[in-house]
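Protein chains in written order, with the numbering used here: chain A, 1 to 147; chain B, 1001 to 1147; chain C, 2001 to 2147; chain D, 3001 to 3147. No residue lacks a Cβ here, since even glycine has one placed at the ideal position from N, Cα and C. Okay, structure first, notes after.
Protein chains: 4
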Amino acid sequence: MDDLIAPKMSEQELAEFLTREFPQVAGDFTIERLTPQGVDLRLRVAERHLRPGGTVSGPSMFALADLGVYLAVLSRIGPVALAVTTNAAIDFLRKPEAERDLLAEVRLLKLGRNLAVGDVLVRSDGMAAPVARANLTYSIPPRRDRG
Amino acid sequence: MDDLIAPKMSEQELAEFLTREFPQVAGDFTIERLTPQGVDLRLRVAERHLRPGGTVSGPSMFALADLGVYLAVLSRIGPVALAVTTNAAIDFLRKPEAERDLLAEVRLLKLGRNLAVGDVLVRSDGMAAPVARANLTYSIPPRRDRG
Amino acid sequence: MDDLIAPKMSEQELAEFLTREFPQVAGDFTIERLTPQGVDLRLRVAERHLRPGGTVSGPSMFALADLGVYLAVLSRIGPVALAVTTNAAIDFLRKPEAERDLLAEVRLLKLGRNLAVGDVLVRSDGMAAPVARANLTYSIPPRRDRG
Amino acid sequence: MDDLIAPKMSEQELAEFLTREFPQVAGDFTIERLTPQGVDLRLRVAERHLRPGGTVSGPSMFALADLGVYLAVLSRIGPVALAVTTNAAIDFLRKPEAERDLLAEVRLLKLGRNLAVGDVLVRSDGMAAPVARANLTYSIPPRRDRG
């Protein structure tokens, strides 16, 4: 993608940012790896993410996709805490496995001056078929606000 | 709407269903009222719904919209725990007020045999301008599974 | 809505803008009226909008919703030809009547400095039940570019 | 994907279906190839697809994505003319090149009994960066109606 740029943060720096800025939820997630197109992010599924019947709740999958695109954007523009989601959509495709973590594969499709767009495939760890597909748009603050 | 039908459940029955089927989250929400088009639902904003800077988190707003359409559908077809979200989209319009509950105004737009569609406006309690707009589609199980 | 402002263009001015800037499609549409929340727009359904079976095509409904939000935005900020759609979503709820025009009821939900968001209900003329629901986001050019 | 199946139609059969069922628009599109995940579809950009400034119109891109997922679904389930779009969303990422065709890369993510979901990347022919991203859901008629 012509406007995509190389990461400015390492996986370690991204993980530290997550712990520092989102202490309430950082323990739920593990940054698996930075990828050429974005990032792979794991939701460490625990009791609090489940719904009756043992499936992972919709809001938990939404949170995974939302954080995934956020981290993918930050890894490219640096640790700017101010980017905000303006639009998100998610299709729930199959029931996730309750006993397995969820893995999100995030792909940045646009990284413009004002807006960034990414899409996400979510799978139960070890399974080929996606359980959800999502797309999110982030509004990026003007450059003078960036760290 | 020609395929919309009168509620089959009272507000009290809907609240009892919520408490029974979703004990993990029922305390976060209050059913304000059944409306001719759907339902009004309140998120009782607490510390765990907030993000740094004091704003309500995106996943919390998603959860409110998702549950709102679910309850609107159930109020019309009866207490079927098996309806599942197939698609959801949300636009975040303004920063919610941290000190105020969120109110979701849910409107059913379609209640078909297989699919139900609703949209949602979310406002900070007492404010006119919406903080989010959402739409959700639910897949409804075949009639033989209904209560 | 606190950031919504009174129209800057009359219905007549908006219709002239449409004819001047979009001569290819202006004949398909009629501006019914400016409303406190946005605009009502009519698609004058003709043979070229139909699909086999006599229903109005999805792209025709998309075009109606897209133009509707565009005109609602312009009516409030003035005739800026440069606003561009960044995101659009549409739910197809029922089959439209082939013999009837489509009426779009457009509601502006946000009119910010950079982004405008609107939603749309589309009905077959004279029918109560909506045939489609849409939401669109427009990116608004910086103020120095505005007319 | 575990529920994806091998194509039941050849590229030639799919092209003939398109010509037969959608004579109004078939000339605008070329089926490039069936792929393991779906289909690649070309919009042969002509004057009628353009907007002022020489860019391809949003409704034209919507039509490309919509038809692309439709053909991907049909290629796997056989020539069922009755599948209908229930939900579609599109992000417009960059301005397409007016002088170039658009190529849609369609990927089926779910092919269930009732619903099929696909996503689409659209590029100007020969360019790496996508100009649009879309996702669509199709409702599939009950099996007794299938050819």
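Residues sharing a beta bridge with residue i, DSSP
i, result
"B:Asn1087", "A:Asp91 and B:Thr1137"
"D:Val3080", "DSSP output for D:Val3080 lists no bridge partner at all."
"A:Val120", "A:Val106 and A:Ala134"
N-terminal and C-terminal residue of the alpha helix (DSSP H) that residue i is part of
i, result
"A:Leu18", "Glu11 to Glu21"
"A:Val69", "Gly58 to Ile77"
As assigned by DSSP and simplified to three states, the class of residue i
i, result
"C:Asp2125", "coil"
"D:Asp3101", "coil"
"B:Ala1132", "strand"
"B:Pro1142", "coil"
"D:Ile3005", "coil"
"D:Arg3113", "coil"
"C:Arg2107", "strand"
"B:Arg1051", "coil"
"D:Ala3046", "coil"
"C:Pro2096", "coil"
Partner residues on chain B for residue i, Cβ-Cβ distance less than 8 Å
i, result
"D:Ala3163", "Residue 3163 of chain D is absent from the model: chain D starts at 3001 and stops at 3147."
"A:Asp66", "Gly1058 and Pro1059"
Boundaries (first-last residue) of the beta strand (DSSP E) holding residue i
i, result
"C:Val2039", "Gly2038 to Leu2043"
"D:Arg3033", "Phe3029 to Leu3034"
The ligand MG heavy atom lying under 7 Å from the CB of residue i
i, result
"B:Phe1029", "The ligand MG is absent from the structure shown, which contains no ligand whatsoever."
Beta-carbon neighbours of residue i, restricted to chain C and to distances below 8 Å
i, result
"B:Thr1086", "Here the premise fails: no neighbours, minimum Cβ distance about 11 Å."
Neighbouring residues, chain B, relative to residue i (Cβ below 9 Å)
i, result
"A:Glu21", "Pro1052"
8 Å Cβ cut-off: residues of chain D touching residue i
i, result
"A:Asn114", "Under the 8 Å cutoff, chain D gives no residues; its nearest Cβ is about 13 Å from A:Asn114."
"A:Arg44", "Within 8 Å Cβ-Cβ: nothing; A:Arg44 doesn't reach chain D, min ~24 Å."
"A:Val117", "Asp3091, Leu3093 and Arg3133"
Neighbour list for residue i in chain D, Cβ cutoff strictly below 7 Å
i, result
"A:Leu130", "Sequence inspection shows Pro at residue 130 of chain A; the Leu mentioned does not correspond to that position. Per Cβ cutoff of 7 Å: Leu3109."
Chain A residues whose Cβ lies nearer than 8 Å to that of residue i
i, result
"B:Phe1153", "The displayed coordinates of chain B run from 1001 to 1147. Any statement about residue 1153 of chain B would go beyond what the structure contains."
Per-residue contacts from residue i into chain D (C-beta, under 9 Å)
i, result
"C:Pro2141", "Ordered by position in chain D, no residue passes the 9 Å Cβ test against C:Pro2141, which lies about 13 Å from the chain."
Listed by chain order, chain A residues near residue i by CB distance under 9 Å
i, result
"D:Thr3137", "Asp91"
Per-residue contacts from residue i into chain A (C-beta, under 7 Å)
i, result
"B:Phe1062", "Pro59 and Phe62"
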